[in-house]
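Taking it in order: structure first as structure tokens, then the write-up.
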Amino acid sequence: MAKKNGKKGVMLLKVDLAKAYDRIDWGFLENTLKAAGIPDICLSMIMECVTSMEMQVLWNGGETASFKPTRGLRQGCPLSPYLFTLCIERLSHCIMNEVKSKCWKPVKIAPHCPELSHLFFADDLVLFAEASCKQADIIMRCVDSFCHASGELISKNKSRVFFSKNTRTCDRQNICARLGIQSTPDLGRYLGVPVLHGRLSKVTFRYILENMDRRLSLWKARTLSLAGRVTLAMSVLNAIPSYAMQTSFLPLSICDAIDQKIRSFVWGSSEGKRKVHLISWDKVCKPKNQGGLGLRSARNMNLAYMVKLAWNLFNNEEDLWVKVLQGKYFHHKDGRIHKMKKSNHSSLWKGIVKAMPFMKQATLWSPRDGETTGFWTQPWVANGLILQDFASSELSEEEQNASVASWVDDSGEWDWERLRRYLPDSLINLIAGIEAPRAGSGEDKTVWGIEKDGRFRLKSAYSMVAGELESSPVQLWKDLWSWKGPSRIKHFLWLASHERLMTNTERERRKMTENKACNHCTTSEETTEHILRGCSKASSIWRHFHDKLVENDNTMDFRNWLNRNLKEQGRGIDFGIVCWSLWKQRNEEVMDGKTFSEAGLISRINAWININKQATSNVQKSLLPMKQSKSAREIAWKPPREGWIQVQTDGSVIQPSGRAAAGGLLRDHLGRCLGAFSSNLGACSITRAELRAAVEGLEMAWKLGHRRVELNLDSTTALNIIKNRDQTDHCHGAIADYFGELLSREWNVEMKHIFRECNFAADFLANKGHSLSFGSHLFNVSDPNLCYWLFYDNMGISRCREVNEMI
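No gaps in the numbering here: position 45 of the sequence shown is 45 in UniProt numbering, and each next residue is one more.
Structure (structure tokens):
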């Protein structure tokens, strides 16, 4: 709007409703609920909740008699926002009727954008229209009609109107006079985000830093431990800019300022007094299992939010904001999107463009019918894998444009002979792990390839942006953060593991002192390792607490020594407390001039150990009234009911190659095997192998004419995917859709989870599939090995299994 040219200007009204909740008329509310089709009994209950309120007024220190109001919704009632939204929807209907009748002339941001007449979020109203006195009259007529019926009132002093650049001054004055609302060059913030701005600068988002300063002023960093400061930083400070980050690509200076404030608070700095930052910010922002504290860099977090917008831009095309952005920034031809255009991008679009390479890197196509996914040119086999890069011979233009569906033979299976002419065996294994597209299965979809279930998650987007996906967890840090002791001591141990305690050696490295000798030994350098195990005082303490040590070899690497002793269940907690006590005692001697005898320090350590045990015991009693215990149960195979057929299936994956196979069999109520199969699935996940085994088992039962089937699986994950098959926005969506088709046929199918102890026959068949060629193979039901497992089940032989039970 700020750059609009042409004869006709446009206007934007930001409408403020005075006491919006308090003014809703009850008669209007009841009429709205009836119009919405709320059943009478439910309507009467809602109105009883709304109209049963009574009020009293404090007058000269005394309460007046109670009285009943005739309007208003209760503030804080969880039902009130929904009721208000239904009421304000009546104004939306009124505006849409005016638009349909061609009276209200909405605004188009670009030729291919949808028309915008209004945007509502609760009582925040924004109206769009052509800038003319006639349109101003129509707007006021529509709004006044709603206010008269609902009891609402526009606060004209707080409402504002913004005009596009090409609106004449005289028109602006006349429109403002008709509306009774002042014009403004700046609409401020809408829903907490600046509405209009030029080039983004630090001034635009200064309010974020001010909000952080306001919150920090309420805390005293010196009275908090490192653990407490980290918790507040993660739960409060990181959350303050996140709202703006979701819709704005913040300037780098703002992101750096956000990081600086969080960094200073974490290390205990306060206004006018800077503390030493013991570990670099880059390390602090790493995941905990990679040696960091799990804090998030503002720039990477902002970019992760932009990745989320980019993902939704291509996957939620029915959303209004998506239509607006596509209409403005995409080039349309023949109804399809071809390429991005525009040089004068908004800051939001610049952020999305910046995020698109990450979004494309994580996008994986999931073929349904296979018609729209390019076999050679789009990633559909594995994340980021383009098959064209691995073709063994040159491809013609026609072959390059081939779809995935064109590589399926007449039998509905992959065309293996043709695939082997172009691709290496390693890729054919991966293709074999994907079910061949089926005609009529619906359009191909995209999934978030870096998540196992294919659903977008901000956490994985951040990990990708921060470059953390390729880094493997380090066992040392996993063990440290799973330590069950106090969080304060856990963060101390984190510093100790990095050897970043403020010892004399560390102070000398930072040019804060010239003396790096131990204050007790005077001859040895005071390092973290020296304080915790090398010093003579530490050695004497450890001799007393030798039962807390699992590993007492002082020649062992210091990190390994810490890790080995900390991860010992039970004793590891006491070990950590002893280490912390040694450091605390050293600080009190150096900083406060205190002295401790060996007996006094031992007594102190024992007291802290007992306090921790008591606190842990109290927490367990209060938070864990129900405990899990394991009890032994005898598990044996059970036949189906008479007249029913039991389908038992299983999947198998060999690691680290990922080679997968499936198998299954059909049995009647007498235990007779009516059919069996084994399949080589190439390479895929265990969940996909379990699902494909179940599909093949049901297909076999259908082909053999069985119409009452009991499907048994030993995978709860696969069973849940089948049961929740309507949620197909994941990497197993295609096979879940096919399950829906199978189960909708005219037959009865019951699904049941079983333990693997009664699924050995299917397990044998699945393992047999690894030695077969790709595809499904019928298995001889008289095979001696299969007969052994059938006999084993039919004899009712059981196996013992430990099962979790609540006590």
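Glycine included, C-beta positions come from ideal geometry on N, C-alpha and C.
With H, G and I counted as helix, E and B as strand and the rest as coil, what does DSSP make of residue i?
{"i": "G9", "result": "coil"}
{"i": "E98", "result": "helix"}
{"i": "W365", "result": "strand"}
{"i": "E802", "result": "strand"}
{"i": "L278", "result": "coil"}
{"i": "W477", "result": "helix"}
{"i": "R667", "result": "strand"}
{"i": "A540", "result": "The question names Ala, but residue 540 in the sequence shown is Ser. Here S540 sits in helix by DSSP."}
{"i": "C787", "result": "helix"}
{"i": "I807", "result": "Per-residue confidence for I807 stands at a pLDDT of 48, beneath the threshold of 50, marking its modelled position as unreliable; no derived number is given."}
{"i": "L778", "result": "strand"}
{"i": "D425", "result": "helix"}
{"i": "M359", "result": "helix"}
{"i": "R752", "result": "For the sequence presented, residue 752 should be read as Lys rather than Arg. In this structure, K752 counts as strand in the three-state DSSP scheme."}
{"i": "K273", "result": "strand"}
{"i": "residue 814", "result": "In the structure as shown, the chain begins at 1 and stops at 807. Residue 814 is therefore absent and cannot be evaluated."}
{"i": "A432", "result": "helix"}
{"i": "L17", "result": "strand"}
{"i": "M55", "result": "strand"}
{"i": "D25", "result": "strand"}
{"i": "L313", "result": "helix"}
{"i": "G682", "result": "strand"}
{"i": "L562", "result": "helix"}
{"i": "E598", "result": "helix"}
{"i": "I88", "result": "helix"}
{"i": "L43", "result": "helix"}
{"i": "S773", "result": "coil"}
{"i": "G62", "result": "strand"}
Output yes or no for whether 8 Å exceeds the beta carbon distance between residue i and residue j.
{"i": "G433", "j": "A660", "result": "yes"}
{"i": "W281", "j": "F774", "result": "no"}
{"i": "A694", "j": "L711", "result": "yes"}
{"i": "Q648", "j": "G658", "result": "no"}
{"i": "V99", "j": "V10", "result": "no"}
{"i": "I635", "j": "F755", "result": "yes"}
{"i": "F791", "j": "S678", "result": "no"}
{"i": "L561", "j": "R533", "result": "Correcting the residue identity first, residue 561 is Trp in this sequence and not Leu. Cβ atoms of W561 and R533: closer than 8 Å."}
{"i": "E499", "j": "T522", "result": "no"}
{"i": "L12", "j": "V126", "result": "yes"}
{"i": "W448", "j": "R455", "result": "yes"}
{"i": "P251", "j": "K202", "result": "yes"}
{"i": "N612", "j": "I645", "result": "no"}
{"i": "E757", "j": "R688", "result": "no"}
{"i": "A683", "j": "N429", "result": "yes"}
{"i": "R633", "j": "V803", "result": "yes"}
{"i": "E470", "j": "I735", "result": "no"}
With DSSP as the reference, identify every bridge partner of residue i, one or two as the case may be.
{"i": "F128", "result": "L12"}
{"i": "Y190", "result": "V193"}
{"i": "L116", "result": "V107"}
{"i": "I654", "result": "R659"}
{"i": "T649", "result": "G664"}
{"i": "Q182", "result": "R160"}
{"i": "W414", "result": "V408"}
{"i": "S403", "result": "G374"}
{"i": "F121", "result": "D124"}
{"i": "F265", "result": "For F265, which the question treats as bridged, DSSP gives no partner whatsoever."}
{"i": "L711", "result": "V647 and M751"}
{"i": "G675", "result": "L666"}
Margin query: Using a Cβ distance threshold of 8 Å, determine whether the segment 757-766 contacts the segment 784-793, with at least three qualifying pairs required.
Written below: Short answer: they touch.
Threshold first: 3 residues or longer. Then list the beta strand (DSSP E) segments lying entirely within the segment 443-515, N to C. Listed in chain order, the complete beta strand (DSSP E) runs (minimum 3 residues) inside the segment 443-515 are 445-448.
Notebook entry, point to check: Is it true that the segment 387-403 meets the segment 470-480, where meeting means three or more beta-carbon pairs spaced less than 8 Å apart?
Noted result: No, because fewer than three Cβ pairs between the segment 387-403 and the segment 470-480 fall closer than 8 Å, the two stretches do not touch.
* Asked: If we count Cβ pairs, one from each stretch, closer than 8 Å, do we get three or more for the segment 114-131 versus the segment 83-99?
  -> With the cut-off at 8 Å, the segment 114-131 and the segment 83-99 touch.
Should the segment 17-32 be regarded as contacting the segment 65-75, the criterion being three or more beta carbon pairs within less than 8 Å?
Contact holds: three or more Cβ-Cβ distances are below 8 Å.
**Message:** Pairs of beta-carbons, one from the segment 238-253 and one from the segment 186-200, closer than 8 Å: are there three or more?
**Reply:** Counting Cβ pairs under 8 Å, three or more are found: they touch.
Exercise. Does the segment 455-475 come close enough to the segment 540-547 that 3 or more CB-CB pairs lie under 8 Å?
Worked result: The segment 540-547, when compared against the segment 455-475, does not touch it at the 8 Å Cβ threshold.
- Item | the segment 143-161 in contact with the segment 170-190 per 3-pair CB rule at 8 Å | Short answer: they touch.
**Study point:** Length-filtered (4 minimum) alpha helix (DSSP H) runs lying within the segment 202-257
**Key:** Runs found: 206-216, 226-232 and 242-245.
- Using 8 Å as the threshold, is the segment 493-511 in touch with the segment 314-322, meaning 3 or more CB pairs across them? Counting Cβ pairs under 8 Å, fewer than three are found: no touch.
**Study point:** Cβ contact (3+ pairs, closer than 8 Å) linking the segment 284-297 and the segment 422-431
**Key:** Put simply, the segment 284-297 does not touch the segment 422-431. Fewer than three CB pairs are less than 8 Å apart.
### Query
For the segment 296-311 against the segment 481-494, are there 3 or more C-beta pairs whose distance is under 8 Å?
No, the segment 296-311 does not touch the segment 481-494.
Determine, using beta-carbon pairs with one atom in the segment 745-752 and one in the segment 696-715, whether at least three such pairs fall under 8 Å. Contact between the segment 745-752 and the segment 696-715 is established, with three or more Cβ pairs separated by less than 8 Å.
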